[in-house]
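For reference, the structure is listed below as structure tokens.
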Amino acid sequence: MYRQALPQVYGFLLSRCGSVVVAEDLTADTFMAAVDALERKTAPPLTVGWLIGVARHKLVDHWRRTEREQRSLAVATTAGAEVDDPWPTVLDVDAVHAVLARLSGPHRAALILRYFDGLSVAEVADYVGRSVHATETLLARARGALRRLYREEYGDDG
Amino acid sequence: MTADPLDALRLPVVPVEPRPTFAADLLHRIQHAGSPARDSATVRYFVDDLDAAVDFYRQLGFDVELRPSPVFAMLYRGDLRLLLSIPSSHTLADGTVPGPGGWNRISLRVEHLDHIVGTLRAGGVRLRSSPSTGVGVRLALIEDPAGNLVELFEPLAAYHERTGGETP
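As given, the protein sequences belong to chains A and B, one line each in that order.
Note that the numbering used here has the first sequence beginning at 1, numbered continuously upward.
Note that the numbering used here has the second sequence beginning at 1001, numbered continuously upward.
Below you can see the structure in the form of structure tokens.
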């Protein structure tokens, strides 16, 4: 089980946090949390899917901590939504990844859960611990911030 | 509904093998975490009547974790694991049989020491030393049915022990 699940959990985390050190820490946290859960005998059956869910929680917690530490460095994100600012039809995915890294913790978390993982707004709300309505607002602001940075960095080509 | 350009960001889980040393270290941690013996201390007492001993230690707040045979029981009180064995099951190669008793003892923290000692004594428990006040604690010595000593203490104002936060 460990041999099979480890690369999945590690690959999931590495692709989303982009740092070997952080991915290793969060992978260890995830597996240790699973061990604790198993001891309490209340855990659901141990599957890769369940471990990924735990890993996602660890990732959100990590972004939350990062946010507290780096609040002063975060990009100003109070701007409104992207209502009148359509996206180019074709995105440079690598460019989006680079820009994402500069967003604040909550914005990055919301966008990655919603678009990388393809979660519904309600599922994102559960992970970030906000209401669905607040999560919609968060997502709209996060998209707006991403949009602005993307335009500043890479222009639009269309 | 028009496609969302951000849907292009979808990132399926692609397995990545972590560094082998990391994988090995984590496996080691997993295998050594879970076990309940993490920070517990274990003491073994010899008793000649297992039933009587188990009943006695239950009165002191222990619960029975295992009782797999007529010669052995495993009890817990908080982090203390107490093993009770019948002496003949630990006979040495030269024939020496361990015996209960002596002066070394486990020390159990209680509240309302005088009340507890009164209750135990009324139930027939032997007292080797009545409650008395020492430095930082009030304590009493009682005997289990086999004659092993158990110290009961209640902290007083000057009491000190290492707290969780000081553990390295």
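In this text, a Cβ means the ideal position worked out from N, Cα and C, and glycines have one as well.
Whether residue i touches residue j by CB criterion (8 Å)
| i | j | result |
| --- | --- | --- |
| B:Arg1029 | A:Tyr115 | no |
| A:Tyr10 | A:Asp92 | no |
| A:His57 | A:Tyr127 | yes |
| B:Ala1146 | B:Asp1063 | no |
| A:Trp87 | B:Pro1005 | yes |
| B:Val1014 | A:Ser120 | no |
| B:Arg1105 | B:Glu1161 | no |
| B:Leu1060 | B:Trp1103 | no |
| B:Leu1141 | B:Arg1121 | no |
| B:Pro1131 | B:Leu1113 | yes |
| B:Ser1040 | B:Asp1007 | no |
| A:Met32 | B:Ala1033 | yes |
| B:Phe1022 | A:Glu39 | no |
| B:Pro1068 | B:Leu1050 | no |
Residues of its chain near residue i, where Cβ-Cβ distance is below 6 Å and the 5 sequence neighbours each way are ignored
| i | result |
| --- | --- |
| B:Arg1126 | Glu1143 |
| B:Asp1094 | none |
| A:Asp94 | none |
Which listed residue (the options) has its alpha carbon closest to that of residue i
| i | options | result |
| --- | --- | --- |
| B:Phe1046 | B:Glu1154, B:Ser1085 and B:Thr1163 | B:Ser1085 |
| B:Pro1020 | A:Arg3, A:Gly105, A:Ser15 and A:Arg16 | A:Arg3 |
| A:Val132 | A:Leu139, A:Ala122 and A:Arg141 | A:Ala122 |
| B:Gly1099 | B:Arg1105, B:Ser1107 and B:Ser1088 | B:Ser1088 |
| B:His1115 | B:Asp1051, B:Leu1139, B:Leu1092 and B:Pro1070 | B:Leu1139 |
| A:Val60 | A:Leu138, A:Glu152, A:Gly129 and A:Arg148 | A:Gly129 |
| A:Ala55 | A:Thr27, A:Arg40 and A:Glu39 | A:Thr27 |
| A:Gly18 | A:Ala134, A:Glu152, A:His62 and A:Asp36 | A:His62 |
| B:Arg1044 | B:Asp1051, B:Tyr1076 and B:Ala1033 | B:Tyr1076 |
| A:Thr66 | A:Val22, A:Asp29, A:Val35 and A:Thr89 | A:Val22 |
Cutoff 8 Å; reference residue i; Cβ partners in own chain excluding five residues on either side
| i | result |
| --- | --- |
| B:Val1137 | Phe1153, Glu1154, Pro1155, Leu1156 and Tyr1159 |
| A:Leu146 | Val96, Val99, Leu100, Leu103, His107 and Leu111 |
| A:Arg142 | A small fix is needed here, since residue 142 of chain A is Ala in this sequence, not Arg. So the qualifying residues of the chain are Thr77, Leu103, Pro106, His107, Arg108, Ala110 and Leu111. |
| A:Leu138 | Pro106, His107, Ala110, Val128 and Arg130 |
| A:Gln8 | Val48, Leu51 and Ile52 |
Beta-carbon contacts of residue i that lie in its chain and below 7 Å, excluding the five residues immediately before and after
| i | result |
| --- | --- |
| A:Ala5 | Val48 and Leu51 |
| B:Glu1111 | Glu1154 |
| B:Thr1091 | Val1097 |
| B:Met1074 | Glu1065, Leu1066, Arg1081 and Leu1083 |
| B:Ala1053 | Val1047, Leu1084, Asp1144, Pro1145 and Ala1146 |
| A:Ala193 | Here chain A covers residues 1 to 158 and nothing more, so residue 193 of chain A does not appear. |
| A:Leu13 | Ala23, Leu26, Thr27, Ala55 and Leu59 |
| A:Thr30 | Val9, Leu51, Val54, Ala55 and Lys58 |
| B:Gly1101 | Gly1147 and Asn1148 |
Proximal chain E residues relative to residue i, where beta-carbon distance stays under 8 Å
| i | result |
| --- | --- |
| B:Pro1005 | This model lacks chain E altogether, as its protein chains are A and B. |
If we require 4 or more residues per run, which alpha helix (DSSP H) segments fall completely within the region 84-120 of chain A?
93-100 and 105-111
Pull out every residue of the region 2-30 of chain A whose Cβ sits closer than 7 Å to any Cβ of chain B, in chain order.
Tyr2, Leu6, Pro7, Gln8, Tyr10, Gly11, Phe12, Leu14, Ser15, Glu24, Thr27 and Ala28
Within 7 Å of chain B by C-beta, residues of the region 94-126 of chain A in sequence order
Val96, Tyr115, Phe116 and Gly118
Contained alpha helix (DSSP H) runs [length at least 4] in the region 1027-1103 of chain B, N- to C-terminal order:
1050-1059
Please list the residues of the region 1061-1085 of chain B that have a C-beta atom closer than 8 Å to any C-beta atom in chain A, keeping them in chain order.
none
According to a CB-to-CB cut-off of less than 7 Å, which residues of the region 1008-1021 of chain B neighbour chain A?
Ala1008, Leu1009, Arg1010, Leu1011, Val1013, Val1014, Pro1015, Val1016, Glu1017 and Pro1018
Along the region 53-64 of chain A, where does the CB come closer than 8 Å to a CB of chain B? Name the residues.
none
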